[in-house]
DNA sequence: CTCTTGACGAAAC
DNA sequence: TGTTTCGCCAAGA
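Numbering (my numbering), first residue to last: 18 to 121.
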């Protein structure tokens, strides 16, 4: 498919690809930027089906509370990826949104 | 067309 | 306060 194909998923890809290293955003913000403010759930659905080895920085997307929504081992993989960029989580597994939130 | 599925979020308990 | 319920909507079957 050519990359100009317009769909919610394509827009989500572009938006997430634009998140700078060391910053994070939320499912809700991605949905908002993609033009569908209440489709945060769909954003998660899209990320859950990313192919292995994707270059998309999916780990920079967190939930409304700055926490990781991924269950099980995914939690650790995302946490590790974030810490590798200098993003630290508190003892409750949440990042400081005021400090790391991506402003566009 | 209907029906299901969710890496969500806000409201209601 | 923490936990549960309910509304949301893109995509695929």
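Where a beta carbon is used, it is the ideal one built from N, C-alpha and C, also for glycine.
Select from the options the residue whose C-alpha is nearest the C-alpha of residue i.
i	options	result
residue 118	42, 31, 38, 37	42
residue 64	37, 38, 100, 95	95
residue 50	99, 81, 29, 112	29
residue 80	44, 39, 121, 38	44
residue 69	91, 82, 48, 86	91
Taking the Cβ atom as the reference point for each residue, do residue i and residue j lie within a distance shorter than 8 Å?
i	j	result
residue 33	residue 73	yes
residue 84	residue 110	yes
From the DSSP output, which residues share a beta bridge with residue i?
i	result
residue 118	41
residue 84	111
residue 79	43
Applying the 10 Å Cβ sphere with the 16-neighbour rule, what's the burial state of residue i?
i	result
residue 35	exposed
residue 77	buried
residue 99	buried
residue 67	exposed
residue 93	exposed
residue 38	exposed
residue 107	exposed
Point to revise | Segment contact, 8 Å Cβ cut-off, at least three pairs: the stretch 22-34 with the stretch 53-70 | key: Yes: the two stretches touch, three or more of their Cβ pairs being nearer than 8 Å.
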